[in-house]
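Shown next, in structure tokens, is the structure this report addresses.
In this note's numbering, the protein residues as written are 6 to 134.
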């Protein structure tokens with residue numbers, strides 16, 4: 006049986022091409038996928054759907070990824086949610102800030118989709134729904 010069957014993944018990015026390709030990849034892996042185009046939309050989905058894994062861009066309109074990550078980790082209903090930052094911000098200080106706000110993983114863009122899928126699957130296997 007596929008462990009990913011009931012695991013919800015939220016993809017948050019303001020770049021349509023990235024959203025489409027990640028949504029396709031995650032659905033192909035058997036995850037239940039939600040997408041948000043900015044941080045505000047992400048808040049609503051997180052509160053409503055309680056995803057187990059969030060793939061999160063940092064630079065977005067309205068609310069940035071750092072704020073979304075803080076929200077996830079400080080809220081008792083979502084504190085166990087795994088957060089993977091996918092960001093073009095690849096300086097050491099950006100990566101440190103990502104981890105300091107609670108990221109479980111920080112992957113600089115551009116990234117290998119195969120590598121990302123492997124890491125998401127590893128996190129999912131530790132997150133039994």
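C-beta atoms are modelled at their ideal positions from N, C-alpha and C, and glycine is treated no differently. In this text, all values refer to a predicted model and were calculated from it rather than measured experimentally.
8 Å contact criterion, which residue i and residue j should meet: CB distance rounded
i, j, result
"residue 38", "residue 28", "5 Å"
"residue 55", "residue 94", "Rounded, the Cβ-Cβ distance is 27 Å, inconsistent with contact."
"residue 70", "residue 61", "5 Å"
"residue 90", "residue 103", "5 Å"
"residue 30", "residue 118", "6 Å"
Three-state secondary structure (DSSP) of residue i
i, result
"residue 68", "coil"
"residue 113", "strand"
"residue 92", "strand"
"residue 41", "strand"
"residue 16", "strand"
"residue 51", "helix"
"residue 87", "strand"
One or two residues paired with residue i in a DSSP bridge
i, result
"residue 36", "None, per the DSSP bridge assignment."
"residue 146", "This structure cannot speak to residue 146, because the chain is shown only from 6 to 134."
"residue 61", "17, 90"
Proximity to residue i [Cα-Cα], best of the options
i, options, result
"residue 80", "106, 91, 101", "106"
"residue 87", "43, 128, 33", "128"
"residue 19", "31, 30, 35, 40", "40"
"residue 96", "48, 114, 83", "114"
"residue 33", "131, 122, 130", "122"
"residue 48", "98, 120, 73", "73"
Cβ shell of residue i (< 6 Å), same chain only, five flanking positions each side left out
i, result
"residue 112", "91"
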